[in-house]
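**Student:**
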Amino acid sequence: MRSVRSRLSIGLAVFLAALLLGQWLWLTFTIDRLIEKQVITRLQEETETVLAHIHIQSDGEIVLDSRRLSSSYQRAFSGLYFSIQSIDHQIFSRSLWDFDLTIPALSIGSKATLYLQGPGEQPLMAVSAGYLKQGKQITITVAEDIAWMLEDKSHFQWTFTVLSLLGVLALLAFQFWIVRLALRPLNKAKQELKLLGQGEIEKIDEHAPDEIRPLLVELNRLMSSMVVKTRRSRQSLGNLAHRLKTQLTLLNQIADTEAMQHNSEGKQAIYSQTNEIKQIIDRELKRARVSGMTLPGKGVDINEMVTNLVDTLKRIYQDKELKISWRVDKQLRFHGDREDLLELLGNILDNACKWCDSRIELNIYSDNGIRICVKDDGPGCHGDDLAALTQRGFRADETTPGSGLGLAIVFDIVESYDGSMHFSESPKWGGLQVDIHLQSSVST
0 MRSVRSRLSI GLAVFLAALL LGQWLWLTFT IDRLIEKQVI TRLQEETETV LAHIHIQSDG
60 EIVLDSRRLS SSYQRAFSGL YFSIQSIDHQ IFSRSLWDFD LTIPALSIGS KATLYLQGPG
120 EQPLMAVSAG YLKQGKQITI TVAEDIAWML EDKSHFQWTF TVLSLLGVLA LLAFQFWIVR
180 LALRPLNKAK QELKLLGQGE IEKIDEHAPD EIRPLLVELN RLMSSMVVKT RRSRQSLGNL
240 AHRLKTQLTL LNQIADTEAM QHNSEGKQAI YSQTNEIKQI IDRELKRARV SGMTLPGKGV
300 DINEMVTNLV DTLKRIYQDK ELKISWRVDK QLRFHGDRED LLELLGNILD NACKWCDSRI
360 ELNIYSDNGI RICVKDDGPG CHGDDLAALT QRGFRADETT PGSGLGLAIV FDIVESYDGS
420 MHFSESPKWG GLQVDIHLQS SVST
């Protein structure tokens with residue numbers, strides 16, 4: 000779908016082009032008729048002047064007193080010509096030289112306007128009129144070279160076209176400026192929405208034109224409503240988890256009573272089931288938090304988070320003398336839930352620490368979101384086990400402590416950000432390599 004700016008620009012350009020063409024045709028026609036009328040009027044006056052200086056002799060011969068006519072008639076190819084015709088006589092102006100300007104005879108009182116090609120291929124406009132002079136019917140034709148008129152017409156058309164195009168360009172530029180000015184509140188709202196998503200602001204400025212303000216008000220109302228609902232939902236889930244865990248603790252206490260001391264199988268069954276329920280509660284709470292609406296934040300400093308995580312893991316696994324190398328793009332920030340990122344990085348790094356011999360490599364960088372790559376020098380995972388790593392409770396080695404929930408939770412977090420997670424064998428060390436892509440807004 001084209002932008003509003005493009006639609007307005009194209010619409011105005013088409014309208015102005017049609018207006019320009021119509022105006023060009025109308026003005027050209029009007030000016031042509033105006034100049035033509037002036038020339039015809041002048042030529043008609045010339046025919047009257049020629050008629051006034053004609054004398055018909057007794058034998059019917061036409062005599063013209065050319066001394067009283069314009070001197071242009073005496074210069075060869077001057078651009079002003081006349082011819083006088085009767086049934087038996089024909090007189091041409093000297094300016095025609097040897098050019099034949101014979102026009103069909105007209106009846107008395109008739110007039111005609113003609114376009115002819117004169118001497119030297121001059122474009123001529125001719126006016127002919129039929130008269131009765133001293134009982135003799137004659138036809139007088141006066142013609143003028145109109146090359147000047149055609150040249151002026153061409154010059155006018157060219158000048159008018161250039162000025163019109165400049166006017167159109169000026170109007171388009173003005174329209175572009177007006178549209179840009181009118182859409183500025185939308186651009187401002189767009190930037191504020193981006194800042195809102197990054198947690199830099201808590202609401203969108205509602206000071207905008209009347210056409211846009213209702214939209215901004217509704218967006219702010221929707222955002223506030225979502226924040227309130229999310230907080231209530233998480234609070235309710237937390238309260239529910241607390242009550243359930245309290246009851247599970249009571250069940251464990253019952254299992255420790257003297258009455259249960261002689262029923263070791265029942266006691267063990269209670270412990271097993273209560274632990275399973277606790278794991279389910281923890282998992283579902285995390286899933287609910289992951290799928291919930293992310294509250295506005297100011298962006299998570301990934302560099303700082305990784306630094307703290309690495310220090311913590313080195314203390315936890317100090318018996319392994321871990322060598323963790325990591326690289327994070329400077330000032331890279333994650334605009335999502337801080338707990339999500341902490342859970343994700345914590346689980347995949349903890350998994351790498353658990354299985355590695357001593358070396359771990361972590362790279363985090365911006366690439367249409369966030370790219371995370373973790374590789375270790377452990378035994379790795381092969382075959383069907385790679386596809387099963389994200390299944391709840393799956394453990395590649397049952398002898399290694401753990402609930403099997405870590406990578407499954409990571410997968411849930413990745414899905415919540417429309418991301419992807421891929422497991423493979425590290426070409427560098429042969430251990431497990433985890434590649435994660437989060438479709439989340441980032442800033443540097």
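Using numbering that gives the first Met the number 0, the first residue of the sequence shown is number 0, and each one after it goes up by one.
Just so it is clear, CB atoms sit at the ideal spot from N, CA and C, and this is done for glycine as well.
Would you call the stretch 80 to 98 in contact with the stretch 130 to 145, where contact means no fewer than 3 C-beta pairs closer than 8 Å?
**Tutor:** yes
**Student:** Using the C-alpha atoms, what's the distance from G335 back to E360?
**Tutor:** The residue labelled residue 360 in the question sits at position 361 within the sequence shown. The residue labelled residue 335 in the question sits at position 336 within the sequence shown. C-alpha of E360 to C-alpha of G335: approximately 24 Å in a straight line.
**Student:** For my contact list, R93 and Q73 are in at a C-beta cut-off of 8 Å; report their separation, rounded to the angstrom.
**Tutor:** Along the sequence shown, read from residue 1 onward, the residue named residue 93 stands at position 94. Along the sequence shown, read from residue 1 onward, the residue named residue 73 stands at position 74. Yes, R93 and Q73 are in contact; Cβ-Cβ is about 5 Å, under 8 Å.
**Student:** By Cβ distance, which residues of its chain are closer than 8 Å to K202, with the 5 residues on each side in sequence left out?
**Tutor:** Looking up residue 202 in the sequence shown gives position 203. For K202, where only same-chain residues beyond five positions count, the Cβ hits under 8 Å are L195, N219, M222 and S223.
**Student:** Tell whether a beta-carbon distance below 9 Å holds between A142 and A125.
**Tutor:** Translated into the one-based positions of the sequence shown, residue 142 becomes position 143. Translated into the one-based positions of the sequence shown, residue 125 becomes position 126. Taking 9 Å as the Cβ cut-off, A142 and A125 qualify as a contacting pair.
**Student:** Taking the C-alpha atoms as reference points, what is the distance between N350 and T256?
**Tutor:** Here residue 350 corresponds to residue number 351 of the sequence shown, with the count starting at 1. Here residue 256 corresponds to residue number 257 of the sequence shown, with the count starting at 1. Answer to the nearest angstrom: the Cα atoms are 37 Å apart.
**Student:** Can we say the stretch 322 to 340 touches the stretch 237 to 255, given the rule of at least three CB pairs closer than 8 Å?
**Tutor:** No contact exists between the stretch 322 to 340 and the stretch 237 to 255.
**Student:** Looking only at C-alpha atoms, which of V49, I369, I55 and E35 sits nearest to T112?
**Tutor:** Counting from one through the sequence shown, the residue named residue 112 turns up at place 113. Measuring from the Cα of T112, the nearest candidate turns out to be E35.
**Student:** Is DSSP giving P400 helix, strand or coil here?
**Tutor:** Translated into positions along the sequence shown, residue 400 becomes position 401. Legend: pLDDT at P400 = 44, less than 50; position of this residue unreliable, value from coordinates given subsequently. Note: P400 maps to coil in three-state DSSP.
**Student:** Please classify T399 as buried or exposed, where buried requires at least 16 neighbouring CB atoms within 10 angstroms.
**Tutor:** In the sequence shown, residue 399 corresponds to position 400, counting from 1. Per-residue confidence for T399 stands at a pLDDT of 46, beneath the threshold of 50, marking its modelled position as unreliable; no derived number is given.
**Student:** Do G78 and S71 have their C-beta atoms within less than 9 Å of each other?
**Tutor:** Translated into positions along the sequence shown, residue 78 becomes position 79. Translated into positions along the sequence shown, residue 71 becomes position 72. Cβ atoms of G78 and S71: closer than 9 Å.
**Student:** Is it the case that the stretch 178 to 185 contacts the stretch 40 to 56, given that we only count it when at least three CB pairs across the two stretches are under 8 Å?
**Tutor:** no
**Student:** Based on the DSSP secondary-structure assignment, which residues constitute the bridge partners of D434?
**Tutor:** Taking the first residue of the sequence shown as 1, we reach residue 434 at position 435. In DSSP, D434 forms a bridge with C372 and H421.
**Student:** In terms of DSSP beta bridges, what is Q116 paired with?
**Tutor:** Position 117 of the sequence shown, counted from the start, is the residue given in the question as residue 116. Beta-bridge pairing links Q116 to P122.
**Student:** Between the stretch 427 to 438 and the stretch 363 to 370, do three or more beta carbon pairs fall short of 8 Å?
**Tutor:** Using a Cβ-Cβ distance cut-off of 8 Å, the stretch 427 to 438 and the stretch 363 to 370 are in contact, since at least three pairs of beta carbons, one from each stretch, lie closer than that value.
**Student:** Could you tell me the alpha carbon to alpha carbon distance between V216 and R314, rounded to whole angstroms?
**Tutor:** Mapped onto the sequence shown, residue 216 falls at position 217. Mapped onto the sequence shown, residue 314 falls at position 315. Their backbone Cα atoms lie some 50 Å apart in a straight line.
**Student:** Is the beta carbon of L308 less than 9 Å from the beta carbon of L331?
**Tutor:** Taking the sequence shown and counting its residues from 1, one reaches residue 308 at position 309. Taking the sequence shown and counting its residues from 1, one reaches residue 331 at position 332. Remark: C-beta atoms of L308 and L331 do not approach each other more closely than 9 Å.
**Student:** Is the Cβ-Cβ distance between S2 and Q174 less than 9 Å?
**Tutor:** Numbered from 1 along the sequence shown, position 3 holds the residue referred to as residue 2. Numbered from 1 along the sequence shown, position 175 holds the residue referred to as residue 174. No, these two residues do not count as a Cβ contact at 9 Å.
**Student:** Have a look at the DSSP bridge pairing and note the partners of S82.
**Tutor:** The residue given as residue 82 occupies position 83 in the sequence shown. Answer by DSSP bridge pairing, in chain order: F91 and T140.
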